[in-house]
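Student:
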Amino acid sequence: MGNMKYIVFLSLFLLFSAASPLLIAASSVSAQPLSIIEASAFDPHRQVGHDHSAADYADAGVTVEQALFYAVRTAYYFALMAAAGMMLWTIALPAGANETARQLVDKWSLLALRGLLIAVLAFVFVHVQALLKGYEGGIANEWLRLLTETATGRSFLGIAVLSLLGFAVLRLNDSFKMVWALLLAASESFNGHVNALPASTLAIVIDFVHLICSALWAGGLMLLLLFWYADRKEAARFAEKFTKVAWLSILLLTASGIGMTYLILPSWRYLLYTDWGIMLLAKAVIVVLVIAVGALLHIRARQRELPSGRMLKLDGLLLSLIIIIVSVFTYLSPVPKTVPLSYHKMGDTLHYTLAVTPNGPGPNRVTLKVWLPEQLGAPVEVQLRLLADEHPERSAIDVPLHSVETEAEESFPGFIESDYLAEKVDVPSRGAWTAELVIIDATGAETKQSIAFRND
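When the letters of the sequence shown are read in order and numbered with mature numbering (1 follows the signal peptide of the UniProt record, and there is no 0), they come out as residues -31 to -1, 1 to 425.
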C-alpha cells in the first residue's frame, strides 16, 4: 500500500500547490450567491465564438452522423480512462507481482495508448467538424484559430500532444507515468461544462479530482479483469489492493460529482427538467450498484479469496454503462432551454416593463421598471406576486422587490422612471403562471395589473 499512498500524496501535493492561488480567489467567489446561468452558456459553439447553436445538432434525432459522434465520444472516454488509469496503477502493482504480470500491464498500457491516440484524433476531428458546421469562412484558418485561441481548442491540443508523449513516457520511470496521467486529466478538465461557469476555477479543480478518481477506479478494474483472465493468483493479490483504493476513489468521485453539480446547477429541480439531469440520476443509480458490487469484492479480498468472475464482469458492465452515459450527458446542457420574459405595457397614467430571466424552474432574476406621471413621483409601494395557474392550491410567491438605480434605457416625456430588482426568485415548476402587480402611488391610489406568461 506504500506505493499507492505515494500516488495519493504526490497527486494532492501537485494539485494543491498548483491550484492554491486559484482556490483562494475562487473561495471569495463561491461565497457569493450562485449566478443564474442560461442554457446558451453551455453551448460549445458559443464557447468557441460561433453564433449557431449546438441544439440543432443535438436535437436532430438519432441520425447516422449523431450516432457516430457519440460513438467517438464513448471510445474517447474509454481510452482516456484506460490509459490514465493503467499509468497510475503501474506504480502501485503489488510488491510480489511476477514478471509475467508486469509484462501484461506494459502490453496493455501500450495498447491503451494506441487506442487513446486513435480516439483523440477522431474525437478532435468530429468535434471541430461539429463546431464548424454551417461556417462559411476559411475552414483551414478557422481550424487553426479554434485550436490555438480558444480554451476548448487548447484542451484538444494538450490532450493530443500528451497522447503522443505517452509512448515515450511508457519507457520511463513509473513516477513519470503518474505525472503524465495527472497532466492528461488536467487537460481534459479544461474541456467541459465547468468552463461555462462565470467563476470556473474551483469547478475545474473539482473536475480534475473527479477525473483522477475515475481513472484510478476504471484503470484498476480493467487490470483486475485482465489479471483474472491471465493469472488468477495475481488477480487475488491485486484485488486486495484495488478494493481498498476503489473505496476511496468512489467516495471522492461521489463528493466531487456532488460538488460540480452544485456549482453548475442553480437549482436541483433542473435534474428533473433536462435530459442531462435524468442521465445524471441514472448514473447515480449505477454508482450505488457499483458500491454494492465493490463491497462484495472487498469482502472476498479481505478473506483472501479469488474475486468472483460474475462480480467482476458485472462491475465491468456497470463501468461501461457509466462511461456511455458520461459520453452523452457531458455534451448536453445541464440547464433547460428557456425564453426570458420581457413584457411591456403602455398606458395613459402608467407604463411598466416586467422581465424574468431565464424564466425557468429554479432561481430567476426579476426586474421591473415603472413609469408614473412626474406630478406623482415614484411609487410609494410596489408588490409583485406569482401564481401557478395549473396548481391553484399552491401559495402565491411574493417577489421581494427592492429599489435600485439604473441607467435609463428609454424615457417618456412627463413620466418618471423607478426601477426594482429581485434576485434568485425560486419558481418551483414549469407551466402557466400569472404575475399580479400592485402599484400604490403618492395619492394612495392602487393600480392592479395581471400578466399571464409561461416559463417552459
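The beta carbon of each residue, even a glycine, is placed where N, CA and C say it ideally should be.
Computed from a prediction, not measured in an experiment: that's the story for all the values here.
1. Kindly list the residues whose CB is nearer than 7 angstroms to the CB of Leu116, restricted to its own chain and excluding five residues on each side of it in sequence; keep chain order.
2. Tell me which same chain residues have a C-beta within less than 7 angstroms of the C-beta of Ala81, skipping the five on either side of it?
3. Rounding to the nearest angstrom, what Cα-Cα distance links Thr212 and Val97 in this structure?
4. Taking the continuous beta strand (DSSP E) assigned at Leu406, which residues delimit it?
5. Ordered along the chain, which non-local residues of its own chain (more than five positions away) have a Cβ less than 8 angstroms from that of Tyr46?
6. What are the start and end residues of each continuous alpha helix (DSSP H) run of 4 or more residues lying completely inside the stretch 268 to 322, in chain order?
7. With DSSP collapsed to three states, give me the class of His360.
8. Just how far apart, CA to CA, sit Met248 and Gly263?
9. Could you tell me whether the stretch 323 to 337 touches the stretch 295 to 312, where touching means 3 or more Cβ pairs closer than 8 angstroms?
10. Counting only the same chain and skipping the five closest in sequence on each side, list residues whose C-beta sits under 7 angstroms from that of Phe136.
11. List the residues that DSSP assigns as beta-bridge partners of Leu390.
12. For a test of the three-state rule: what should DSSP assign to Asn424, helix, strand or coil?
13. When the Cα of Ser236 is compared with those of Ser364, Leu195 and Ser398, which residue comes out closest?
14. Quickly, what does DSSP pair Arg140 with across the bridge? List them, please.
15. Among residues of its own chain, excluding the 5 on either side of Ala347, which ones have a beta-carbon nearer than 6 angstroms to its beta-carbon?
16. Between Leu281, Leu240 and Leu286, which lies nearest to Ile255 when the distance is taken from Cα to Cα?
17. Using the C-alpha atoms, what's the distance from Leu323 back to Tyr(-26)?
18. Can you tell which of Phe145, Ser302 and Ile219 has the C-alpha that lies nearest to the C-alpha of Leu190?
19. Comparing alpha-carbon positions, which option in Met229, Gln72, Thr299 and Asp284 lies nearest Glu203?
20. Strictly by DSSP, which residues pair up with Ser419?
21. Considering only C-alpha positions, which residue in the set Lys252, Leu281 and Tyr300 is nearest to Leu290?
22. Since Arg354 sits in a beta bridge, which residues does DSSP pair it with?
23. Which of the three DSSP states is assigned to Ala52 in this structure?
24. Indicate whether Leu394 and Ile366 have their beta-carbon atoms separated by less than 8 angstroms.
25. Give me the residue from His313, Gly84, Ser277 and Thr299 with the minimum Cα distance to Met229.
26. Kindly indicate the opening and closing residues of the alpha helix (DSSP H) around His179.
27. Would you mind working out which of Phe422, Val130, Leu79 and Trp77 sits nearest Val93, comparing C-alpha positions?
28. Please look up how many angstroms separate the CB atoms of Ala120 and Phe177, rounded, as I've assumed it's under 8 angstroms.
Tutor: So, from the listed chains and residues:
1. Numbered from 1 along the sequence shown, position 147 holds the residue referred to as residue 116. Hits under 7 angstroms: Gly122, Phe125 and Leu126.
2. On the sequence shown, position 112 is the one that residue 81 refers to. Excluding residues within five positions, the ones whose Cβ falls inside 7 angstroms are Ala48, Ala51, Ala52 and Met55.
3. Residue mapping note: residue 212 aligns to position 243 of the sequence shown, counting from 1. Residue mapping note: residue 97 aligns to position 128 of the sequence shown, counting from 1. Each residue's Cα considered, the two are about 39 angstroms apart.
4. Your numbering for residue 406 matches position 437 in the sequence shown. Ala401 to Ile409 is the extent of the beta strand (DSSP E) around Leu406.
5. Counting from one through the sequence shown, the residue named residue 46 turns up at place 77. Excluding sequence neighbours, Tyr46 sits near Ile292, Val295 and Ser296.
6. 278 to 298
7. Working through the sequence shown from its first residue, we reach residue 360 at position 391. DSSP places His360 in coil when its eight states are reduced to three.
8. Against the sequence shown, residue 248 aligns to sequence position 279. Against the sequence shown, residue 263 aligns to sequence position 294. Whole-angstrom Cα-Cα distance: 22 angstroms.
9. yes
10. Along the sequence shown, one-based indexing puts residue 136 at 167. These residues qualify, in order along the chain: Leu82.
11. For this step, residue 390 is matched to residue 421 along the sequence shown. Per DSSP, Thr336 and His371.
12. To locate residue 424, count along the sequence shown from 1; it is residue 455. Residue state, collapsed to three classes: coil.
13. As a first step, residue 236 must be located in the sequence shown, where it is residue number 267. The option with the nearest alpha carbon to Ser236 is Ser398.
14. Here residue 140 is taken as the residue at index 171 of the sequence shown, counted from 1. DSSP lists no partner for Arg140.
15. In the sequence shown, the residue the question calls residue 347 occupies position 378. Excluding sequence neighbours, Ala347 sits near Ser387.
16. In the sequence shown, counting from the first residue as 1, residue 255 sits at position 286. For the residues Leu281, Leu240 and Leu286, the minimum Cα distance to Ile255 belongs to Leu286.
17. Within the sequence shown, residue -26 is the residue found at index 6, counting from 1. Within the sequence shown, residue 323 is the residue found at index 354, counting from 1. Unreliable placement is indicated for Tyr(-26), whose pLDDT of 44 sits below 50; the coordinate value is still reported in the next sentence. The straight-line gap from Cα to Cα measures roughly 58 angstroms.
18. Numbered from 1 along the sequence shown, position 221 holds the residue referred to as residue 190. Closest option to Leu190, Cα to Cα, is Ile219.
19. Looking up residue 203 in the sequence shown gives position 234. Nearest option by C-alpha distance: Gln72.
20. Taking the sequence shown and counting its residues from 1, one reaches residue 419 at position 450. Partner(s): Glu405.
21. Within the sequence shown, the letter at position 321 stands for residue 290. Ranking Lys252, Leu281 and Tyr300 by Cα distance to Leu290 puts Lys252 first.
22. The count along the sequence shown starts at 1 and reaches residue 354 at position 385. Paired residue(s): Asp367 and Glu405.
23. On the sequence shown, position 83 is the one that residue 52 refers to. In this structure, Ala52 counts as helix in the three-state DSSP scheme.
24. For the purposes of this step, residue 394 is identified with residue 425 of the sequence shown, where counting begins at 1. For the purposes of this step, residue 366 is identified with residue 397 of the sequence shown, where counting begins at 1. The sequence as given places Val at residue 394; Leu does not occur at that position. Cβ distance < 8 angstroms, so Val394 and Ile366 count as in contact.
25. On the sequence shown, residue 229 is found 260 positions in, with the first residue counted as 1. Ranking the options by Cα distance to Met229, first place goes to Thr299.
26. As a first step, residue 179 must be located in the sequence shown, where it is residue number 210. Counting along the chain, the alpha helix (DSSP H) containing His179 begins and ends at Thr170 to Ala199.
27. By 1-based counting over the sequence shown, the position of residue 93 is 124. Checked all of Phe422, Val130, Leu79 and Trp77; the closest Cα to Val93 is Val130.
28. By one-based count along the sequence shown, residue 120 stands at place 151. By one-based count along the sequence shown, residue 177 stands at place 208. Between Phe177 and Ala120 the Cβ distance is about 15 angstroms, and since that is not below 8 angstroms, they are no contact.
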